[in-house]
Every structure is written in C-alpha cells, then in structure tokens.
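In my numbering, the protein residues as written are 23 to 445.
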C-alpha cells in the first residue's frame, strides 16, 4: 500500500526533502505531444527553488536533440545535457563498453532516435525506418558484418524486419541482441499501446533467447551515466519520479534513491495497494505500514520506529520531544498525518549519522575503573537512564535480557555495544 500526496502542503514538504529530481517523461510530463495538466507550473516551481533536474526516458524513438525540441515546444525548460534516453544509453554502451568494431554494423528494429544516436558515435546502422513498409517474403542472405541487432519501439515494425533480425542473430555467432528497454506498454492518447518490450517478444520466442543486455530502466546504465555526469548529486537528496512501478520506480530503488510514483500514466492506485505488488515507492510504503486505521495517519507511539525504519537514528529523548511538538506525550497518543510526518522527517539533521561503536565504547570507559573492559550492571543502568537517550528502567531491563551478566555482577560493555548495534 502507498500513501498519496493529496494537498499542496504535503507536496511542498515533499519537494523540500530533495535537491535533485529525475523525471520520466511519457505519462509523467506529457501524453504524446500534450503536457499533463499542471506539470509546467510544477517544473517552474522546482527551477525557482534551484532544484536540479534530469529527464530519464526509455523512449528510444527520438534523439536527444529532438527530445530537446519537444521540451521547448511543450513549454518545459530543459538543457540538452539533462536528457538521458535509452537510445543514448545504447549508443554509449556499444561505443564505450563493447568497443564495437568500426568494420561491423548494427541492424535496427526501431526508429530514427536509435540510428541518430549510433551515428553520433560513428557506428554504422541499417534497417530501422528504411525497412518500413516492406512486404516481400523472399530469401534473406546472411550478412557476417552485422555485429549487433538493436530492438526498440518501432511503430512501423513488419515481418521482414523480424526475419532479418532473426537471420543475423541466428547465423552470426557473436552477434549481440540488444534491447533498448523492456516496457511492455507506454501511455499515449489517453490510453496505453504496446511498448518496446512487446516489439522484442517475437524474437525472444523465435530464438529462445533473451536479449544479451537491456539498457533502459530499470537497468542501471542510465543511472550510472547520470551520476558520472553529475558526481556532486547526493543520492540521499535525489528522488526518481515516474509512472511505472516495474521500470521507473524499480530503477530508483535499485540505485538507492527515494521514489515518487505519479498516477498520470501506466500505474493506477489499486496496483499500489495490491498485496501482490512488490515494488513500492520509498516513503509511502513505510508510512502506510504504520497506518493501522487506514486513514493516512500514524500514531505518535510508532513515530520512533517509523523514523528508524527510514534510516534515521533519533534518541528516545528526541522522539519524546518530536511527539510533544505535535501535541502528544508519553501518556497521550496523537495521530500524525503524512504532511506533518514529512515535516518531522525533513527536520534539520534528521538524517545525522548514528554514533560509531567506538564512540559508545569510549562513553562506557569512563566508568571502567579496572580498565579491563567491564563495568557493573548498576553503572551500566546509571549510564543508560541518566545520560544520552535517558532510557527508562523498563527499557534497560529489556536490553539487559540480551546480555550475559557475570557472577560478579559485571558486564563486558564492548560485547554489550556490539550486540545492541547489531540489533
């Protein structure tokens, strides 16, 4: 289950949590040539707040230059170097990873976006739109110079293209089978049409062979390219925004980013709530796990556990202060809505690092009079109830259940710290 951002306040709190945003395009920014309602204002707001933006699309039909023209036409500010597409990733992969030989060529099932990007890297191509409209069904001579077959979205695909690709992949031993992406569908005209993954399916079936590499989301090639180009991007302050769980959201999650799934494209709200769904936008899933009443709130009693589940390390004393700040106390639980929770989550130093084991050990060494690594259980209790987190006696009792106390009533505090941090 995922929690939906439903108010301006919630959206504003969410935006302030990040410095960098990676946006999918189809179904997020536009449908076809029509901008999605409100998206131009959102993008202007992000730019005004000096947020850094990249556009990451699996659409291989258009070159980076033509994507840039589309952004201008629709009215969304974008710089050429902010645009990353699966056709760019394909060209980069063949040029820099495979080091594709200059005397070899690539047969393309796809459109001019692929051939233009490959040509920029000095890679020979044929097929693509030049083979559109073919209806003949005669013999196809093999061409040993074909070193790769690239398959992307092709709105003019035909049997002859499939037959050629099949011939080259079947007969040329080292011929690479490359998929620009595996999106089975894509949003257009207010509905969805078959995507590049569906275009590849006949070859996969006929050859009984998966592509050697898939270069679009959720594969990490484009993510690596983004962080190579922008090495100062902090992953903890970067959010991936998309409309598909199996590509956009998984792409972000695999890279360790937070993710936002919008409902303007392929994914619908009921899919996020489906128990069978295993790909969930980061913060929304965690918040909903503690939403016991199903009303998009969490109890203040669970605030500490929720914050720790999201990677923060608040002390018990800090949690009590946070609960107090929203009108609760140890004795009075209050409900915390998602907007309020985001304000708490994004507070200054919220993601400060936890102390190291050595730092904790040094704290106990003050009470180690013998210098042998042991302090009495009473001294340990004093430290835990009067310093730092100031635990209650009951909380200390729970901790000590996990610790072996010697016959002399003393505890190895190094083992204690190691045990507690491991848990």
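Cβ atoms here follow ideal geometry from the backbone N, Cα and C, with glycine treated the same way.
Nearest neighbour of residue 97 by Cα position, chosen from 298, 299, 128, 63, turns out to be 63. It is roughly 21 angstroms from the alpha-carbon of residue 93 to the alpha-carbon of residue 239. Bridge pairing for residue 56: 53 [DSSP]. Cβ-Cβ distances below 6 angstroms link residue 438 to 425 in the same chain, with the five nearest sequence neighbours on each side left out; the list follows chain order. One Cα belongs to residue 236, the other to residue 202, and the distance between them is close to 6 angstroms. For residue 167, the three-state secondary structure derived from DSSP is coil.
Only residues of its own chain outside the window of five on either side were considered, and among them 107, 108, 109, 112, 132, 133, 135, 136, 174, 175, 202, 203, 218, 238 have a CB closer than 8 angstroms to the CB of residue 82, listed in chain order. Of all alpha-carbon atoms in 415, 252, 184, the one lying nearest the alpha-carbon of residue 154 is that of 184. One thing to note: residue 271 has its Cβ no nearer than 8 angstroms to the Cβ of residue 286. Separation of the CB atoms of residue 212 and residue 50 is rounded to 15 angstroms, and the pair is thereby denied contact status at 8 angstroms. Judged by DSSP in its simplified three-state form, residue 387 adopts helix. Around residue 383, the same chain offers 435, 436, 439 as residues with beta carbons nearer than 8 angstroms, after the five sequence neighbours per side are excluded. Listed in chain order, the non-local C-beta contacts of residue 143 below 6 angstroms within the same chain comprise 113, 117, local neighbours out to five positions each way being set aside. For residue 262 and residue 190, the gap between their C-alpha atoms comes out near 37 angstroms. By the CB criterion at 8 angstroms, residue 182 and residue 156 fall inside the cutoff. Proximity to residue 334 across 366, 350, 349 peaks at 366, based on C-alpha coordinates. As computed with DSSP, residue 344 is found in no beta bridge at all. 8 angstroms or more divides the Cβ of residue 251 from the Cβ of residue 46. Inside the region 209 to 259, DSSP marks whole beta strand (DSSP E) runs of 3 or more residues at positions 213 to 216, from first to last along the chain. The Cβ-Cβ distance between residue 122 and residue 170 falls below 8 angstroms. Contact between residue 325 and residue 341 is confirmed by a C-beta separation of about 6 angstroms, below the 8 angstroms threshold. Annotation: residue 37 to residue 241 spans about 26 angstroms, alpha carbon to alpha carbon.
Bridge partners of residue 432 according to DSSP: 398. Each residue's CA atom was taken as its position, placing residue 391 and residue 431 some 15 angstroms apart.
With respect to residue 371, residue 41 sits apart: the two C-beta atoms are not nearer than 8 angstroms. Secondary structure at residue 65: helix, using DSSP grouped into helix, strand and coil. Residue 254 and residue 357 have their C-alpha atoms spaced approximately 38 angstroms apart. Cβ contact annotation for residue 105 (same chain, cutoff 7 angstroms, sequence separation greater than five): 77, 86, 89, 90, in chain order. Residue state for residue 155 is assigned as coil, using DSSP reduced to three classes. For residue 354, there is no enclosing alpha helix (DSSP H), since its DSSP letter is neither H nor E.
Here the alpha carbon of residue 403 sits roughly 16 angstroms from the alpha carbon of residue 395. Non-local beta-carbon contacts of residue 399 in its own chain, meaning distances under 6 angstroms to residues more than five positions away in sequence, involve 427, 431, 433 in chain order.
Annotation for residue 177: 83, 133 place their beta carbon closer than 8 angstroms to its own, counting only its chain and skipping 5 residues before and after. For residue 274, same chain residues with a beta-carbon under 6 angstroms away, outside a window of 5 residues either side, are 262, 281 in chain order. When the five nearest sequence neighbours on each side are left out, the beta carbons in the same chain lying within less than 7 angstroms of the beta carbon of residue 69 are those of 99, in order along the chain.
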